[in-house]
Amino acid sequence: MTRLIYALAAAFTLLVPLRARADFHVISPYEIDLGELEIEHNGSASFDHRPGVGGQQSYTLELGTGLTPWWHSEIEFGFNNDPSMGQPTLLTQVVSENMFQLTEPGQAVADFGFFVEYGQTVTHGSYAGANEITFGPVIAKEIGRTTHTVNLFLTRQLGPDQTSHGLDFNFAWQSRWNLWAPLSPAIEIYGDTGTLGSMPGFAQQQLIAGPVAVGRLHLHDLGLGNAGQIKYELGWLFGVTQASPAGTLRWRLELEIPF
Amino acid sequence: MVRTPFREALETGLMGARPSGIGRVARRAPLPAVFSRAAAGPHVRALAAAAVLLAAVLADGSPARADDLPTLVLRQHRFVPDRIQVPAHVKFQLKVQNTDDSSDEFESVDLNREKLVGPGKTITVFLGPLDPGEYKFFGDFHQDTAQGVLIAK
Numbered sequence: 118m119t120r121l122i123y124a125l126a127a128a129f130t131l132l133v134p135l136r137a138r139a140d141f142h143v144i145s146p147y148e149i150d151l152g153e154l155e156i157e158h159n160g161s162a163s164f165d166h167r168p169g170v171g172g173q174q175s176y177t178l179e180l181g182t183g184l185t186p187w188w189h190s191e192i193e194f195g196f197n198n199d200p201s202m203g204q205p206t207l208l209t210q211v212v213s214e215n216m217f218q219l220t221e222p223g224q225a226v227a228d229f230g231f232f233v234e235y236g237q238t239v240t241h242g243s244y245a246g247a248n249e250i251t252f253g254p255v256i257a258k259e260i261g262r263t264t265h266t267v268n269l270f271l272t273r274q275l276g277p278d279q280t281s282h283g284l285d286f287n288f289a290w291q292s293r294w295n296l297w298a299p300l301s302p303a304i305e306i307y308g309d310t311g312t313l314g315s316m317p318g319f320a321q322q323q324l325i326a327g328p329v330a331v332g333r334l335h336l337h338d339l340g341l342g343n344a345g346q347i348k349y350e351l352g353w354l355f356g357v358t359q360a361s362p363a364g365t366l367r368w369r370l371e372l373e374i375p376f
Numbered sequence: 005m006v007r008t009p010f011r012e013a014l015e016t017g018l019m020g021a022r023p024s025g026i027g028r029v030a031r032r033a034p035l036p037a038v039f040s041r042a043a044a045g046p047h048v049r050a051l052a053a054a055a056v057l058l059a060a061v062l063a064d065g066s067p068a069r070a071d072d073l074p075t076l077v078l079r080q081h082r083f084v085p086d087r088i089q090v091p092a093h094v095k096f097q098l099k100v101q102n103t104d105d106s107s108d109e110f111e112s113v114d115l116n117r118e119k120l121v122g123p124g125k126t127i128t129v130f131l132g133p134l135d136p137g138e139y140k141f142f143g144d145f146h147q148d149t150a151q152g153v154l155i156a157k
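The listed protein sequences derive, respectively, from chains A and B. At position 202 of the first sequence the residue is numbered 319 (the working numbering), and the sequence of numbers has no breaks. At position 112 of the second sequence the residue is numbered 116 (the working numbering), and the sequence of numbers has no breaks.
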């Protein structure tokens with residue numbers, strides 16, 4: 118209950134008005150990383166023959182650690198590149214990202230967490246963007262050697278450069294078969310329905326899905342010391358709706374080292 | 005997390021705040037029959053399908069528990085015992101005690117667990133139900149020595 122109160126307090130402290138969502142990465146309630154420093158890079162690039170749909174890219178560089186046994190926090194630097202808007206690769210946001218583990222993994226019928234992040238835009242002029250807050254539950258369930266994780270997030274923009282004034286609903290799903298530590302197959306789905314109350318038709322929403330390879334390599338096995346590991350994710354996501362890019366390449370690279 | 009092209013496209017194309025190729029293309033393109041029904045239809049069906057899927061995933065079919073297991077001890081950066089037998093098909097709690105003077109992390113990719121164990125501390129790891137088989141675990145901070153196997157029978 119204490120964890121839930123902290124999580125809700127964090128959400129409402131930031132919830133002045135709100136919105137932000139992940140790069141393509143499904144948030145897990147399991148990764149608290151207490152006693153470890155996490156250095157993470159996420160990236161995505163969209164591909165489509167339609168002008169303005171393909172060719173967009175985003176990248177992040179993140180530093181994170183567990184602050185308590187149930188609170189993981191990260192600082193993220195977000196970069197975007199949007200050729201259709203004539204935007205070169207720019208640092209666009211500095212983000213505070215927090216995941217609160219609400220239940221001990223394996224104790225309840227499913228594993229629950231609560232995610233809160235605040236993104237402060239750092240761009241100005243023609244590239245100006247809105248500040249954003251995102252929050253919502255993270256739910257995971259293990260079945261045999263498979264792990265299923267769902268993120269159900271609401272996002273709201275803040276500040277003078279808002280392009281939307283409502284709550285945006287976005288979601289992500291990953292089902293992973295824990296086959297082999299260095300390489301496990303997964304299926305992921307990412308969706309964004311738009312602003313609640315004025316959702317566009319399904320075809321106009323963003324929905325992409327596809328296979329992802331997930332793995333980790335221990336530094337000890339690589340001859341790089343006795344502790345720490347490298348994690349990676351690499352996937353290709355197909356556009357499901359007409360408004361989505363035909364293909365999106367996403368990747369993630371993470372280094373975990375104890376301190 | 006940053007505003008992705010994904011979000012950018014949705015906003016600019018659908019909210020009309022800025023001109024966007026993706027929005028214009030999407031609007032001009034003829035919609036497949038399945039998308040041309042009343043706007044609420046696909047949403048309701050999609051939400052209902054998601055709810056059913058979520059309920060199926062969350063359904064827990066194995067309430068049995070096993071409680072009398074030996075404590076797993078971290079001593080001189082090794083697990084003692086390094087092979088531990090547990091019952092298959094039931095939930096159980098594994099106690100992990102760290103008698104060393106430095107922290108370690110009980111971690112298992114097979115079991116999807118990672119949890120810090122401070123020096124002199126004992127943690128509880130909730131596991132199962134497991135299918136019969138072997139599940140490797142290790143101390144993440146001393147991977148060269150802290151290795152073990154959990155055997156579910």
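The beta-carbon is built from N, C-alpha and C at its ideal position, and this holds for glycine as well.
Between the beta-carbon of residue 334(A) and that of residue 299(A) there is about 6 Å, and that keeps the pair under the 8 Å contact cut. At a cut-off of 3 residues, the continuous stretches assigned as beta strand (DSSP E) that sit fully inside the region 139-198 of chain A are 153-164, 174-185. Within the same chain, Cβ atoms closer than 7 Å to the Cβ of residue 120(B) are found at 107, 109, the five residues on either side in sequence being excluded. Between the C-alpha atoms of residue 80(B) and residue 155(A) there is a straight-line separation of about 26 Å. Taking C-alpha positions only, residue 212(A) is separated from residue 188(A) by approximately 16 Å. For residue 357(A), same chain residues with a beta-carbon under 7 Å away, outside a window of 5 residues either side, are 324, 325, 326 in chain order. About 5 Å separates the CB atoms of residue 303(A) and residue 331(A); that is less than 8 Å, so the two are in contact. In the structure shown, the three-state DSSP call for residue 242(A) is helix. Residue 320(A) carries a helical assignment under DSSP once its states are collapsed to helix, strand and coil.
Nearest to residue 308(A) by C-alpha distance, out of 264(A), 365(A), 343(A), is 365(A). As DSSP reads the structure, residue 137(B) sits in a beta bridge with 156(B). For residue 174(A), the CB contacts under 6 Å within the same chain, skipping 5 residues up- and downstream, are 162, 198 in chain order. Taking 8 Å as the cut-off between beta carbons, the residues of the region 211-237 of chain A near chain B are 212, 214, 221, 222, 223, 224, 226, 227, 234, 236, in sequence order. Listed by position along chain B, the residues whose Cβ is nearer than 7 Å to that of residue 302(A) form an empty set, because the closest Cβ is around 14 Å away. Residue pairing of residue 294(A) in beta bridges, as defined by DSSP: 263(A). Per the C-alpha coordinates, the member of 225(A), 305(A), 244(A), 337(A) positioned closest to residue 203(A) is 244(A). Contacts between residue 116(B) and chain A, judged by CB atoms closer than 7 Å, involve 147, 259, 264, 295 in chain order.
Per the coordinates, the alpha-carbon of residue 275(A) lies some 29 Å from the alpha-carbon of residue 164(A). For residue 375(A), the uninterrupted beta strand (DSSP E) run begins and ends at 364-375, by DSSP.
The beta carbon of residue 132(B) sits closer than 7 Å to those of 94, 95, 96, all from its chain and outside the five residues before and after it, given in chain order. Residue 144(B) is positioned such that its CB atom lies closer than 9 Å to that of residue 346(A).
In the structure shown, the three-state DSSP call for residue 299(A) is coil. Residue 149(A) holds the alpha-carbon nearest to the alpha-carbon of residue 186(A) among 149(A), 251(A), 282(A), 239(A). Taken in chain order, the members of the region 298-324 of chain A whose beta-carbon sits within less than 8 Å of a beta-carbon on chain B are 298, 307, 309, 310, 311, 312, 316, 317, 318, 319, 320, 321, 322, 323.
Nearest to residue 193(A) by C-alpha distance, out of 221(A), 153(A), 239(A), 219(A), is 239(A).
Take the alpha-carbon of residue 252(A) and the one of residue 289(A): they are about 13 Å apart. The C-alpha of residue 168(A) lies about 40 Å from the C-alpha of residue 217(A). Taking 9 Å as the cut-off, the Cβ atoms of residue 305(A) and residue 291(A) count as close. Taken in chain order, the members of the region 342-365 of chain A whose beta-carbon sits within less than 9 Å of a beta-carbon on chain B are 342, 343, 344, 345, 346, 358, 359, 360, 361, 362, 365.
In the structure shown, residue 201(A) adopts helical secondary structure according to DSSP, grouped into three states. A check of alpha carbon separations from residue 338(A) across 123(B), 153(B), 142(B) identifies 142(B) as the nearest.
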